[in-house]
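If you read the sequence shown in our numbering, its first letter stands for residue 85, the second for the next number, and so on.
Take a look at the structure set out below.
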Amino acid sequence: MFNNVYPREKYLKKIRPFYDSDIIKVITGIRRCGKSFILKAIMNELIDRGIPKTQIIYIPLDRRGYKNIKTSEELETKIESMLGDDENYYLFIDEVQNVFGFESVIHAYAEEGYSIFLTGSNSYLLSDEISTKLTGRYLNFETFTLDFSEYLEMKRFFKKKIDQDIYVEFEEYILNGGFPKTIEFDDIQARQTYTRGIISEIFEKDVKTRKRISNVPVYERVQSFLLNNYSAPFSLSNLLECLEKEGYKTKATTVRGYIEDLKKAKIIYECNRFDLKSKKSLRREQKYYLSDLAIYFTMNTDNRLSYGLSLENMVYLYLASQDYQISIGKIGKLECDFITRNTSGDYAYIQVTYTMQGEDIKATERIKEREYRPFRKIRDGYPRYIVSLDRFRDQQEGVHHINAIDLFLGKEKI
């Protein structure tokens with residue numbers, strides 16, 4: 085049905101058990117992360133399974149011939165015009181938020197047993213609005229930009245050259261990012277221009293249209309601050325102080341609202357702290373991680389690579405895409421980069437560092453002490469991991485030392 089569609093098995097295997105269910109499948113993720121192509125890959129699979137094309141209804145609302153569909157009545161009329169004499173139908177609607185009041189139509193077809201797949205603006209599909217109107221009838225499948233393994237697989241799929249040195253490819257991946265379409269461009273300037281266009285598109289379509297921005301310069305400064313301080317502890321008071329020094333007048337509630345807008349647009353992800361002594365989540369000094377590192381490199385003139393922060397961001401995205409629950413561990417005055425809980429309920433503790441090797445023996449010992457010290461304060465028996473880019477492992481004190489690239493390629497597991 086669709087040619088040259090790279091099947092992202094990482095997400096297809098999560099959605100596949102629900103292909104024939106009347107539960108509405110909602111696919112979310114930052115703009116241009118490949119949601120539309122996941123829909124196309126599902127349609128290809130259905131065709132391969134022997135489902136007739138007449139039973140598959142595809143309505144891409146941002147494409148020519150469909151852009152004029154703006155109301156629920158127009159959407160229903162369009163769907164009805166595509167129906168035949170078949171009993172079972174698979175309904176795929178891309179950019180569904182373009183239709184006002186679409187929920188009533190979708191709900192009605194789900195009641196009739198249609199298998200429905202939706203993609204659209206995160207700022208709406210993740211809001212309380214839709215959860216109220218489709219209560220109990222939908223599942224959300226969150227997608228991310230290409231991880232490193234998918235990045236390499238997609239390059240092979242489109243017969244792009246892959247460097248024999250995996251570390252060269254890894255560095256290029258960090259700078260180029262995982263927005264699927266960037267793989268089409270061999271020129272780095274073209275990739276960066278494309279990524280900057282995505283951020284502008286998100287602001288215009290996901291932020292401004294859903295919520296009126298009262299002070300655009302302040303919003304842009306808040307966005308810039310968070311993008312430039314990814315993987316670092318965040319303090320609202322520090323940000324407000326920074327804004328005041330720069331001459332911006334605003335309120336804490338306004339800034340919090342702008343941060344929520346960035347979260348809903350999936351530009352950033354919030355990770356809260358968890359105090360291991362009190363066993364409570366702490367909503368202060370949280371960290372924010374970028375949905376794709378290319379966002380930072382394309383929005384800044386300084387493209388020097390900070391491997392430590394970048395690697396921590398990538399480990400966070402890897403864990404999130406594997407459906408882990410993630411917190412930052414607080415152990416007295418010490419910090420454990422991540423406390424994770426997988427879908428089976430098993431916990432793990434993770435430290436992330438670029439390397440365990442210093443310039444000399446003393447520097448190496450200082451790094452090792454810094455990374456191992458938090459683990460010594462943890463009294464339970466859950467696994468402990470150090471993730472780094474070292475080719476050689478430093479296994480001590482029962483801690484598993486994992487090479488980050490091996491982790492991202494599925495050769496190691498947490």
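Every residue, glycine too, gets a C-beta built ideally from N, C-alpha and C.
- Message: Which complete alpha helix (DSSP H) runs does the region 324-352 hold, if anything under 4 residues is left out?
- Response: 336-348
- Message: Given a cut-off of 7 Å on the beta-carbon distance, is the pair residue 227 and residue 109 in contact?
- Response: no
- Go through its chain and collect everything with a Cβ distance to residue 419's Cβ below 7 Å, but skip five positions before and after it. 412, 413 and 458
- Message: Under DSSP, the alpha helix (DSSP H) around residue 122 begins and ends at which residues?
- Response: 119-132
- Item | Contact check, residue 469 vs residue 434, beta carbons under 7 Å | yes
- Query: Which of helix, strand or coil does DSSP assign to residue 138?
  - Reply: helix
- Task: Answer yes or no: do residue 382 and residue 276 have a C-beta to C-beta separation smaller than 7 Å?
- Result: yes
- Query: In chain order, which continuous runs of the beta strand (DSSP E) of length 3 or greater are located wholly inside the region 427-464?
  - Reply: 431-436
- Could you say which of 342, 309 and 336 lies nearest to residue 296 if we only look at CA atoms? 342
- Determine the closest residue to residue 164 out of 364, 87, 192 and 180, with distance taken between C-alpha atoms. 192
- Classification of residue 177 by the beta-carbon crowding that lies within 10 angstroms, buried from 16 upward: buried
- Item | As assigned by DSSP and simplified to three states, the class of residue 144 | strand
- Spatial neighbours of residue 125 within its chain, please: CB distance less than 7 Å, with the 5 preceding and 5 following residues excluded, ordered by chain position. 89, 91, 92 and 96
- Item | Integer-rounded CB distance, given that residue 203 should sit under 8 Å from residue 187 | At roughly 15 Å, the Cβ-Cβ gap does not stay under 8 Å, so residue 187 and residue 203 are not in contact.
- Can you tell me where the beta strand (DSSP E) with residue 161 in it begins and where it stops? No beta strand (DSSP E) contains residue 161, which is instead part of the alpha helix (DSSP H) from 156-166.
- Should residue 199 and residue 271 be called a contact, given that it needs their Cβ atoms to be closer than 7 Å? no
- Query: Just how far apart, CA to CA, sit residue 159 and residue 175?
  - Reply: 12 Å
- Ignoring anything shorter than 4 residues or poking outside the region 377-427, list the alpha helix (DSSP H) runs there in chain order. 378-382 and 391-405
- Do you know offhand how far residue 254's Cα is from residue 490's? 11 Å
- Query: DSSP on residue 177, reduced to helix/strand/coil?
  - Reply: strand
- Message: Only counting the same chain, and skipping five residues up and downstream in sequence, which positions put a Cβ closer than 8 Å to that of residue 265?
- Response: 116 and 278
- Label residue 378 either buried or exposed according to how many other C-beta atoms from any shown protein chain fall within 10 Å of its C-beta, with 16 as the threshold for buried. buried
- Query: Roughly how many angstroms lie between the CA atoms of residue 154 and residue 146, to the nearest whole one?
  - Reply: 11 Å
- Expected contact under 8 Å - CB spacing of residue 372 and residue 318 to nearest Å: 6 Å
- Query: DSSP three-state call for residue 101: helix, strand or coil?
  - Reply: helix
- Item | Simplified DSSP state of residue 91, which is helix, strand or coil | coil
- Item | Spatial neighbours of residue 150 in its chain, beta-carbon cut-off 8 Å, leaving aside the 5 residues before and after | 143, 144 and 162
- For residue 482, which residues of its own chain have a beta-carbon under 8 Å away from its beta-carbon, when the five flanking residues on both sides are left out? 468
- Query: Does DSSP classify residue 259 as helix, strand or coil?
  - Reply: helix
- Could you tell me the boundaries of the alpha helix (DSSP H) in which residue 310 lies? 300-312
- Message: Taking the beta strand (DSSP E) that residue 226 belongs to, which residues open and close that run?
- Response: 222-226
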